[in-house]
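If you read the protein sequences in the order shown, they are chains A and B.
Our numbering puts the first residue of the first sequence at 1, with every later residue one more than the last.
Our numbering puts the first residue of the second sequence at 148, with every later residue one more than the last.
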Amino acid sequence: MTEDRFEQIMRQLEVKPLGNEERVRFTEKLDKRINRYQRRAVSFYRMSFGMGIAMLALIAISVISIWSSMHQIDGDGQDYMTELNVLNGYYGYSETSSDTLNEGYVDLLVSEYIGEYGTSSSDYLIGDLSDEEIQYIENNLDVGDIL
Amino acid sequence: MKDQNEKELVERARAGDRRAFDELVKENRDKMFALVYRMTGNRESALDLLQDTFFTAFKKMDRFRGDAAFSSWLYRIASNLSINFLRRKKIVSFLPFSGVHEETQKYEMTDLAESSELMERAARAVESLPPKQRLVFNLRFYEQMSFPEIAAILDRSESAVKTNYQKAVEKLRDRLKDFR
């Protein structure tokens, strides 16, 4: 078979161009596919954006809650220490002082106790007696007589 | 002028202009259909491949650098899809009860001057070529592309493409040797 003959035969294998119906079908299908792809792409971006926002909110809430709980511990501790310092200052007691009570501290507690519960007449009476009078009472007062 | 127009359309399509893309589809639709039809030998499959070609082009529009003509890029996509189609079909045809072997692939032939038997034989001869040889033959013989162009589209060396073409022609001639 000559080259020309071969070419002549092969050239006759023509492709029938797209018909109107095929063209419309192709265009419709392609449009549908592209629109669906674009919608999916948009919804994916929207979903990613939404997820991003939700993640950020979650992170923000976590950070705030961690920060606030830490702050609360600090605050409570601070309040407690402040109260303690006030009391210590009031009572003249500090962490550096020894654990044994000093006289001034005891006097203060006693006077505070007296101030709180009031003083009885006997307190005043005893307080008014002189040393000699007390000595006399000790020597001559018999508890049985009183009872 | 045409090239300039195509460049503008490509730029607009890349920027997301759907009308520009539709214009590009309209410009290249028939050329691409001819190739995929010659590769599949079936109008429905060819329409599906045509759709896949333009859909892939739409999705990957941002990857088109514009170094070559837009149609060359489309030919490349269509060629790859056609080769994959034929490979898949070959694999599926081996499966029992696939039904593919029952499908008759016929070339659409218009204005036949020769006997139907000769044309039938010629069509069968083209169909029997291995996918790559068939593709190279179609691009060279029917789309009238140069070997360097085909080599660029298929990402192969020019000599490999020439060899593919020569082998394809030899096989076709051999299968048509009974006809004068």
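For each residue, glycine too, the CB sits at the ideal point set by N, CA and C.
Contacts that R33 (chain A) makes with chain B (C-beta to C-beta distance below 8 Å): One-based indexing of the first sequence puts residue 33 (chain A) at position 33. By Cβ distance, chain B contributes Q198, F202.
C-alpha gap between N189 (chain B) and D209 (chain B), whole angstroms: The residue you call residue 189 (chain B) lines up with position 42 of the second sequence. The residue you call residue 209 (chain B) lines up with position 62 of the second sequence. Taking the straight line joining both Cα atoms gives about 31 Å.
One question on the structure: do A181 (chain B) and L171 (chain B) come within less than 8 Å of each other, judged by their Cβ atoms? If you number the second sequence from 1, residue 181 (chain B) lands on position 34. If you number the second sequence from 1, residue 171 (chain B) lands on position 24. No, they are not a contact pair.
If I measure Cβ to Cβ from L265 (chain B) and keep anything under 7 Å in the same chain, skipping five residues before and after, which residues do I get? Translated into positions along the second sequence, residue 265 (chain B) becomes position 118. Once the five neighbours on either side are set aside, the close Cβ partners of L265 (chain B) are F326.
DSSP on G52 (chain A), reduced to helix/strand/coil? Against the first sequence, residue 52 (chain A) aligns to sequence position 52. In the structure shown, G52 (chain A) sits in a helix (DSSP, three-state: H, G or I).
A272 (chain B) and L323 (chain B) - do their beta-carbons sit closer together than 8 Å? As a position in the second sequence, residue 323 (chain B) is number 176, starting the count at 1. As a position in the second sequence, residue 272 (chain B) is number 125, starting the count at 1. For L323 (chain B) and A272 (chain B), yes; Cβs fall inside 8 Å.
Assuming R287 (chain B) and I297 (chain B) make a contact with CB atoms under 8 Å, what is their CB distance in whole Å? Here residue 287 (chain B) refers to the residue found at position 140 of the second sequence. Here residue 297 (chain B) refers to the residue found at position 150 of the second sequence. About 6 Å; that satisfies the 8 Å criterion.
Does the beta carbon of F44 (chain A) come closer than 8 Å to any beta carbon on chain B? Here residue 44 (chain A) refers to the residue found at position 44 when the first sequence is read from its first residue. It does not: the Cβ of F44 (chain A) has no partner Cβ on chain B nearer than 8 Å.
Chain B within 8 Å of I61 (chain A), Cβ atoms only: As a position in the first sequence, residue 61 (chain A) is number 61, starting the count at 1. No, because no Cβ of chain B sits closer than 8 Å to the Cβ of I61 (chain A).
For Y289 (chain B), the first and last residue of its enclosing alpha helix (DSSP H): The residue labelled residue 289 (chain B) in the question sits at position 142 within the second sequence. Per DSSP, Y289 (chain B) belongs to no alpha helix (DSSP H) and is neither H nor E.
Which residue comes first and which comes last in the alpha helix (DSSP H) that contains E132 (chain A)? Sequence index remark: in the first sequence, residue 132 (chain A) carries index 132 (1-based). 131-140 is the extent of the alpha helix (DSSP H) around E132 (chain A).
Tell me which same chain residues have a C-beta within less than 6 Å of the C-beta of F211 (chain B), skipping the five on either side of it? On the second sequence, position 64 is the one that residue 211 (chain B) refers to. Once the five neighbours on either side are set aside, the close Cβ partners of F211 (chain B) are W220.
Which chain A residues sit within Cβ distance under 8 Å of Y312 (chain B)? As a first step, residue 312 (chain B) must be located in the second sequence, where it is residue number 165. Those do not exist, as Y312 (chain B) stays about 13 Å from chain A at its closest Cβ, beyond 8 Å.
Is it the case that the Cβ atoms of A315 (chain B) and R268 (chain B) are separated by a distance below 8 Å? Within the second sequence, the letter at position 168 stands for residue 315 (chain B). Within the second sequence, the letter at position 121 stands for residue 268 (chain B). Cβ distance not < 8 Å, so A315 (chain B) and R268 (chain B) don't count as in contact.
Can you pull the chain A residues whose beta carbon is under 7 Å from the beta carbon of F294 (chain B), in chain order? Reading the second sequence from its first residue, position 147 is the one you call residue 294 (chain B). Ordered by position in chain A, no residue passes the 7 Å Cβ test against F294 (chain B), which lies about 17 Å from the chain.
Taking the alpha carbon of D195 (chain B) as the point to measure from, which residue in A:R25, A:Q38, A:R5, A:D4 has its own alpha carbon closest? As a first step, residue 195 (chain B) must be located in the second sequence, where it is residue number 48. The candidate whose alpha carbon is nearest that of D195 (chain B) is A:R25.
Label V283 (chain B) either buried or exposed according to how many other C-beta atoms from any shown protein chain fall within 10 Å of its C-beta, with 16 as the threshold for buried. The residue given as residue 283 (chain B) occupies position 136 in the second sequence. The residue in question, V283 (chain B), is buried, as its Cβ has 16 or more Cβ neighbours within 10 Å.
Whose C-beta lies closer than 8 Å to the C-beta of K309 (chain B) among residues of the same chain, with five residues either side of it excluded? On the second sequence, position 162 is the one that residue 309 (chain B) refers to. Excluding residues within five positions, the ones whose Cβ falls inside 8 Å are F294.
Go ahead and pull the three-state DSSP assignment for G115 (chain A). Here residue 115 (chain A) corresponds to residue number 115 of the first sequence, with the count starting at 1. Helix.
In chain B, which residues lie less than 7 Å from E22 (chain A) when you measure between Cβ atoms? If you number the first sequence from 1, residue 22 (chain A) lands on position 22. In chain order: L194.
List, in order along the chain, the chain A residues whose C-beta lies closer than 9 Å to that of M186 (chain B)? On the second sequence, residue 186 (chain B) is found 39 positions in, with the first residue counted as 1. Chain A residues near M186 (chain B): none, gap ~11 Å exceeds 9 Å.
Simplified DSSP assignment, three categories, for G104 (chain A): Reading the first sequence from its first residue, position 104 is the one you call residue 104 (chain A). G104 (chain A) falls in the helix class under three-state DSSP.
Taking only the alpha-carbon atoms, compute the straight-line gap between R11 (chain A) and R5 (chain A) and give it to the nearest angstrom. Counted from its first residue, the first sequence places residue 11 (chain A) at position 11. Counted from its first residue, the first sequence places residue 5 (chain A) at position 5. Cα to Cα, the separation comes out at about 10 Å.
Using a Cβ cut-off of 8 Å (strictly closer), state whether F6 (chain A) contacts chain B. Position 6 of the first sequence, counted from the first residue, corresponds to residue 6 (chain A). Answer yes: the Cβ-Cβ gap between F6 (chain A) and chain B drops below 8 Å somewhere.
What residues in the region 8-19 of chain A have a beta carbon less than 9 Å from any beta carbon of chain B? Q8, I9, M10, R11, Q12, L13, E14, V15, K16, P17, L18
Taking all protein chains shown into account, do 16 or more other C-beta atoms lie within 10 angstroms of the C-beta of A225 (chain B), making it buried, or fewer, making it exposed? The count along the second sequence starts at 1 and reaches residue 225 (chain B) at position 78. So A225 (chain B) ends up on the buried side.
With H, G and I counted as helix, E and B as strand and the rest as coil, what does DSSP make of P277 (chain B)? Taking the first residue of the second sequence as 1, we reach residue 277 (chain B) at position 130. Coil, per DSSP.
Less than 8 Å between the C-beta atoms of N152 (chain B) and S218 (chain B), yes or no? As a position in the second sequence, residue 152 (chain B) is number 5, starting the count at 1. As a position in the second sequence, residue 218 (chain B) is number 71, starting the count at 1. No; because the gap between Cβ atoms is not below 8 Å, this pair is not in contact.
Would K179 (chain B) count as contacting chain A if we go by Cβ distances under 8 Å? Translated into the one-based positions of the second sequence, residue 179 (chain B) becomes position 32. Correcting the residue identity first, residue 179 (chain B) is Met in this sequence and not Lys. So, not an interface residue.
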